[in-house]
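Chemist:
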Amino acid sequence: DAGITQSPRHKVTETGTPVTLRCHQTENHRYMYWYRQDPGHGLRLIHYSYGVKDTDKGEVSDGYSVSRSKTEDFLLTLESATSSQTSVYFCAISDGVAKNIQYFGAGTRLSVL
Amino acid sequence: DAKTTQPTSMDCAEGRAANLPCNHSTISGNEYVYWYRQIHSQGPQYIIHGLKNNETNEMASLIITEDRKSSTLILPHATLRDTAVYYCIVRVKGGTTDSWGKLQFGAGTQVVVTP
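Chains A and B are the protein sequences, given in the same order.
First residue of the first sequence? That's 3 in our numbering, and the numbers climb one at a time after it.
First residue of the second sequence? That's 20 in our numbering, and the numbers climb one at a time after it.
Listed below in structure tokens is the structure:
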């Protein structure tokens, strides 16, 4: 998976609890993305980062926050998890030059009960 | 942002070529066509991309029509491992630079390769 590690791979949590998903890369790529994938919706962009401490919202950012304190790590936080955030979460990275190919991690399956 | 239209599903016999069509009639002149695929339960995988010329790599070929309003991904010799959802994506521009390269995924085409 192109030097991308997502952790945890699976998580079950309760409504109202905070959850943090981690994406770690060893490629030194500038751009990092968080997507969620749900049946009937495909992949949707949550947040992305275009550099250390530089982040912006995607199309489904409500209820999520992100942080990027160093190049290799991009954290996705659900401050107070809800059942609607049950999903599979994918991290992606890109070097952001002309080709802009995104490489995806293996995903984190999150269940909020 | 240009949208894409793909068939919902298609079947292909193992060993035969799989031709996956995609319509993107509103594509802008400097937008690229990307193809990704997603094998069940895995993260999406980049296949190929192009602007206006045909492209080929070790995985597939991409044929883009002269008016750029449609394209075809060709898997020359499909194998069972090519069973996946295939996404045709036109790169979305973002903010003051398009190098952020946010990808907008549609529903894709479910390709099933049968023995």
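Beta carbons: idealized from backbone N, C-alpha and C, even for Gly.
Output needed for Thr7/A: all residues of its chain with C-beta closer than 6 Å, excluding positions within five of it in sequence on either side, in chain order.
Modeler: His26
Chemist: What are the residues of the region 53-73 of chain A that lie near chain B, defined by any Cβ-Cβ distance shorter than 9 Å?
Modeler: So the close ones are Asp58, Gly60, Glu61.
Chemist: Please check the pair Tyr50/A and Tyr66/A, which I expect to be a contact at CB under 8 Å, by giving their CB distance rounded to whole angstroms.
Modeler: Not really, about 12 Å apart at Cβ, beyond 8 Å.
Chemist: What separation, rounded to the nearest whole angstrom, lies between the Cα atoms of Lys112/B and Val52/B?
Modeler: Confidence is the limiting factor: at Lys112/B the pLDDT is only 45, short of 50, which leaves the residue's position unreliable, though a coordinate-based value still follows. Lys112/B and Val52/B: Cα-Cα distance of roughly 13 Å.
Chemist: Is there a C-beta anywhere in chain B that falls below 8 Å from the one on Gln104/A?
Modeler: Answer yes: the Cβ-Cβ gap between Gln104/A and chain B drops below 8 Å somewhere.
Chemist: Is any heavy atom of the ligand ATP found at a distance shorter than 7 Å from the C-beta of Asp101/B?
Modeler: Absent from the structure shown: the ligand ATP. Ligands present: none.
Chemist: Under DSSP, the beta strand (DSSP E) around Gln8/A begins and ends at which residues?
Modeler: 6-9
Chemist: Please work out which residues of its chain come closer than 6 Å, Cβ to Cβ, to Tyr35/A, disregarding the five sequence neighbours upstream and downstream, and give them in chain order.
Modeler: Tyr50, Ala94
Chemist: Use the C-beta contact count for Asp101/B: other C-beta atoms within 10 angstroms, 16 or more gives buried, fewer gives exposed.
Modeler: buried
Chemist: Using a Cβ-Cβ distance under 8 Å, would Lys112/B count as near chain A?
Modeler: Note that Lys112/B has pLDDT 45, beneath the 50 cutoff, so the model's placement of it is unreliable and no number is given.
Chemist: 8 Å is my cut-off, CB to CB: does Gly62/B come that close to chain A?
Modeler: yes
Chemist: Just the chain A side, please: which residues come within less than 7 Å of Tyr105/B by C-beta, in chain order?
Modeler: Going along chain A, no residue has its Cβ under 7 Å from Tyr105/B, so there is no contact; the nearest lies around 12 Å.
Chemist: Measuring straight from C-alpha to C-alpha, what distance separates Asn102/A and Arg24/A?
Modeler: As the crow flies, the alpha-carbon of Asn102/A is around 22 Å from that of Arg24/A.
Chemist: Smallest Cα separation from Ser89/B: which of Phe124/B, Cys107/B, Thr128/B?
Modeler: Cys107/B
Chemist: Within 10 angstroms of its Cβ, does Lys55/A collect 16 or more other Cβ (buried), or is it exposed?
Modeler: Burial call: exposed.
Chemist: Closest by CA to Thr27/B, which one among Ile93/B, His96/B, Leu39/B?
Modeler: Leu39/B
Chemist: Is Asp86/B helix, strand or coil by DSSP?
Modeler: Looking at Asp86/B - three-state DSSP - the assignment turns out to be coil, as it is neither helix nor strand.
Chemist: How far does the beta strand (DSSP E) with Pro40/B in it extend, from its first residue to its last?
Modeler: Taken as a continuous stretch (DSSP letters only), the beta strand (DSSP E) holding Pro40/B covers 37-42.
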